[in-house]
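To start, the structure itself, in structure tokens.
Residue numbers (my numbering), protein chains in the order written: chain A, 2 to 664; chain B, 159 to 311.
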């Protein structure tokens, strides 16, 4: 009975979102206040019923209701409760419900934090999101209902949650990633609403910016969590595999990064309007593409759900309608988006445009590499795969170029900057960075490593140009400290995110270049040197967990004769499915990670194992944290909260001028 | 030409040049990094050159798994139920590797016809059969519908 309530609630949410996707939009077109004002209550309704739905699904998991097919496939009586509750997103149906629920959450947030916007704009934004929500729920009801029952004979016990998913990473990574992904729907809806109303102005850009920043920040964290989880759970020593399902979030992130920069130009200078709108559409399309790839089963990937062709067709339909529809609207409204070309060839506008071109090219080449096997198969019928070397060959030079521009952009001025000014400001910074880049790694490593030299130079370039810019900005103030305090939050946000980029760059370069790994067979008592560390395999013992049994090994680690501690990797067998699972042991550090994964037992209780030393790997995720922090801080800038007064004042002024002209 | 027109032209030209350079480099990089996928039957038919980096998809043949006692080495066969390819791997197999389970291996054939794998992929969803494995099965005339139902429960 209770699962039927969940289904019923889902249908109610569907009906409400149909209303939300139509009435406020028509109201906004006709200027009907009442119809527009329905947008907020309808949004709240959609949210409430989707929340009830997802809670009931979670309840079905906790109550071990195996008559619900989705529960039977993804849970088991032995599963710990925290995984039962989160097994809601352990498969296609439930994770799509989470996706839709996230959308409803964002819609609710828009309806609450939009007091500063005119009602017709809010009605349009929520209306567009309502249409999306309708399509998502229809998809669930038609092809992937999480509340489907197994009749007449439900199984005694469930098939269990995939053992690789029984981990803290599974609890936090999918919701965060989805929240970031879906956030770009909001920015997309803002762009569509602006196109519909014909009001593509600085105010629109200012309204969009905090939403774009926050979505981008959450997506950054979501991707970083996925990378961190894959790193310690899959135990292959890598943090990014260019997997077809990892790539769409990255594509969305790259478009999103371009978007937040382009929005800055549109807000401050009123130019790049059409480009900004296009980026909003592209970032949103990236998120839909991710759903499509994961759920259609068209591409081979570790993430793919068991596939059903009808789902792929349905999502492709949503994708086609959303992208096609918005592009057609975009074409019709193009004349509105004429910008005045009021800037010079050397100006901040151009540097930000360069940033955008690089990011979009990067996104496009990741897209091409991800979908190329599919196109290739459609044309030649041959199956191929595109390996990481392709992505690295494209990505590394582009990102290096991006970092070079990153140093100049914040220093340059809007409209017009003289080249000699930039050289005067940044010449010394560039030379110092190069000197640090050459000397520092060479002294520390006692060898010439090109990767280290380039990476340290670029990171120093980011940090030093940032410091120089802050020094310039406070130079004329009487007291430095007061000057620093006077700088805006959005400025600090930008600098924090750029600093994060420097950290990530060092992390990526050093991990890729200086990691060491050894796969060996060791008997108890034997030891091995990896890098400058010595690992001794002491012994193994049997362990028993709530839903698994296994073996735990004990290693002691030392460096130059100093004991550093013990590592205890495990090899588990999950009881419900008999699936083996490797739990690696990691000693995480600011400058290096050490970790051990167990393979299998051979003769004389010897085990196969892989031992890794990964320098600077934490810097990758630390960088992501700085980026996300920067995005969030920038969204909190006080000028976003003052929009309404200024906007209304401007409207009044415009009206007054019109009246004067008329009289 | 008016100045603002000239500026606009310069910007458009800049974008066009960078885009076409990027496209050229991308296509070059793509062409250098394609791993072709083969089925065990194609490998047995001699379609693959020695040393060529490829992927093979298939099922791990029941009873084919052997593990050396004193080294890391493991041996098994990938089959599409018509032909099979012997595979050698020096490393730790993924958790979901089991006999009768679909896998994809990356590597190259040596002069003895042994496939030396550099990477072994098993899928994390047990119900899921990758396109590659499915294609290999279908090419060999095995009904994959039954296969996947069998795998499910």
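Where a beta carbon is used, it is the ideal one built from N, C-alpha and C, also for glycine.
Minimum Cα-Cα distance from residue 202 (chain B) among the listed residues B:256, B:236, B:176 corresponds to B:236. About 13 Å separates the CB atoms of residue 99 (chain A) and residue 107 (chain A); that is not less than 8 Å, and the two are not in contact.
For residue 237 (chain B), no chain A residue has a C-beta closer than 7 Å to its own C-beta; the minimum C-beta separation is roughly 18 Å. For residue 270 (chain B), the closest Cβ of chain A is not nearer than 8 Å. Spatial neighbours of residue 224 (chain B) in its own chain (CB-CB distance under 6 Å, excluding positions within 5 residues in sequence) are listed in chain order as 233.
Leaving aside the five residues that flank residue 631 (chain A) on each side, the residues in its chain whose CB is nearer than 6 Å to its CB run, in chain order, 494, 497, 498.
Excluding sequence positions up to five before and after residue 103 (chain A), its CB lies within less than 7 Å of the CB of 179, 180, 183, all in the same chain and listed in chain order. The beta carbons of residue 192 (chain A) and residue 281 (chain A) sit about 4 Å from each other, so the pair counts as a contact at 8 Å.
Contact check for residue 427 (chain A) against residue 404 (chain A) fails: the beta carbons are separated by 8 Å or more. Neighbourhood of residue 225 (chain B) in chain A, by CB distance below 8 Å: 601, 603, in chain order.
The region 202-219 of chain B and the region 251-268 of chain B touch, with three or more beta-carbon pairs separated by less than 8 Å. For residue 115 (chain A), the three-state secondary structure derived from DSSP is coil. Nearest neighbour of residue 357 (chain A) by Cα position, chosen from A:257, A:462, A:93, turns out to be A:257.
For a Cβ distance threshold of 7 Å, residue set 250 of chain B lies close to residue 611 (chain A), ordered along the chain. Under the DSSP assignment, residue 608 (chain A) falls in the beta strand (DSSP E) whose first and last residues are 608-616. Comparing C-alpha distances from residue 402 (chain A) to each of A:381, A:462, A:425 shows the shortest one belongs to A:462. Below the 7 Å Cβ cutoff, chain A contributes 385, 387 as neighbours of residue 192 (chain B), in chain order. Between residue 550 (chain A) and residue 574 (chain A) the beta-carbon gap is near 6 Å, inside 8 Å, which marks them as a contact. Restricting attention to B:273, B:272, B:172, B:262, the CA atom closest to the CA of residue 280 (chain B) is found in B:262.
The shortest CA-to-CA distance from residue 185 (chain A) to any of A:210, A:159, A:171 is the one to A:210. A distance of 8 Å or more separates the beta carbons of residue 215 (chain A) and residue 543 (chain A).
The beta carbon of residue 184 (chain B) sits closer than 8 Å to some beta carbon of chain A. The three-state secondary structure of residue 165 (chain A), taken from DSSP, is helix.
Residue 519 (chain A) is not a Cβ neighbour of residue 238 (chain A), given a cutoff of 8 Å. For residue 476 (chain A), the three-state secondary structure derived from DSSP is coil.
Take the alpha-carbon of residue 162 (chain A) and the one of residue 118 (chain A): they are about 45 Å apart. For residue 391 (chain A), the chain B residues whose C-beta falls within less than 9 Å of its own C-beta are 184, 187, 188, 190, 191, 192, listed in chain order. For residue 199 (chain B), the nearest beta carbon of chain A is not closer than 8 Å to its own beta carbon. Proximity of residue 500 (chain A) to chain B, defined by a Cβ-Cβ separation below 8 Å, is not satisfied. Here residue 218 (chain A) is near residue 633 (chain A), since their CB atoms are less than 8 Å apart. Rounded to the nearest whole angstrom, the CA to CA distance from residue 114 (chain A) to residue 641 (chain A) is 11 Å.
At least 8 Å separates the beta-carbon of residue 270 (chain A) from that of residue 197 (chain A). Close CB contacts of residue 269 (chain B) within its chain, under the 6 Å cut and outside five residues either way in sequence, are with 208 (chain order). For residue 195 (chain B), the neighbours in chain A by C-beta distance under 8 Å run, in chain order, 383, 384, 385, 386.
Within its own chain, the residues whose Cβ lies closer than 6 Å to the Cβ of residue 286 (chain A), once the five positions on either side in sequence are excluded, are 324, listed in chain order.
Positions of the alpha helix (DSSP H) runs, each at least 4 residues long and wholly inside the region 551-636 of chain A, are given as 618-636 in order along the chain.
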